[in-house]
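Reviewing the structure listed below.
The structure is reproduced here in structure tokens:
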């Protein structure tokens, strides 16, 4: 499936139109995205029960060779380089599903560092926090509930690493990812935007985060 086809399937009709509009804006030097900052106070037994109820097989902690079995349009040479860098960092752990010798689902947790696609939003996590990041489902795995089940699995693993709270940053038009986070007990702490206008970056992330922490 082409990148366009995958985006249409993932984001739906209106989300796909929004992404086209964003692509047009990027042509004139404007990037604007909005995100949900979500948190989950991890209930280990609840997440374990949710995960085990699905009877999912083929789940494992991933190594570099597993990513070589993934979707070639997603795991490009550039992304594989990043995968290797993360796997060499003890603060990152990758989990996924292997079916018939192919990686059909992958996801990560970061134990030490809050990072996003926007370099203005990054820094050390609190001792009790982890970050859920970069979940990807191959086209043949979509519609099978992998996101929900693997979110529970990641929360279990994070708790086993001593973390009591997870953080997730979800692109606002990524409805499947948002619904998956909600189903596993995540809640929206605040919403924010990041705007890159001709080389300058603007965001209300820090303002909205401070308000949420006070509330």
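In the working numbering, the protein residues as written are 14 to 228. All C-beta atoms in this analysis are idealised placements derived from N, C-alpha and C, irrespective of residue type, glycine included.
Near residue i, what residues of its chain come up, given a Cβ to Cβ distance below 8 Å and the 5 sequence neighbours on each side ignored?
i	result
residue 137	125, 126 and 127
residue 147	119, 120 and 121
residue 200	51, 52 and 53
residue 61	165 and 169
residue 162	63, 64, 67 and 69
residue 59	198
residue 174	106, 122, 124 and 143
Tell me which same chain residues have a C-beta within less than 6 Å of the C-beta of residue i, skipping the five on either side of it?
i	result
residue 144	123, 127 and 180
residue 134	218
residue 221	203 and 205
residue 99	105
Buried or exposed, going by whether 16 or more other CB atoms sit within 10 Å of the CB of residue i?
i	result
residue 193	buried
residue 198	buried
residue 176	buried
residue 167	buried
residue 63	buried
residue 151	buried
residue 75	buried
residue 106	buried
residue 214	exposed
residue 190	buried
residue 96	buried
residue 186	buried
Any idea which residues DSSP pairs residue i with across the strands?
i	result
residue 207	46 and 216
residue 54	178
residue 151	According to DSSP, which records beta bridges pairwise, residue 151 is partnered with nothing at all.
residue 115	112
residue 130	Residue 130 is not bridged to any residue.
Could you give the C-beta distance for residue i and residue j, rounded to a whole number, given that I count them as a contact under 8 Å?
i	j	result
residue 72	residue 108	7 Å
residue 116	residue 159	Not quite, the Cβ-Cβ distance comes to about 12 Å (not below 8 Å), so this is no contact.
residue 46	residue 184	6 Å
residue 92	residue 111	The Cβ separation is near 18 Å, so there is no contact.
residue 43	residue 210	6 Å
residue 207	residue 216	5 Å
Might you give, ordered along the chain, the residues of its own chain that have their beta carbon closer than 7 Å to the beta carbon of residue i, omitting 5 neighbours on each side?
i	result
residue 171	55, 122, 143 and 179
residue 141	176, 177 and 178
residue 225	202 and 203
Does the stretch 120-133 come within contact of the stretch 78-93, defined as at least 3 CB pairs closer than 8 Å?
no
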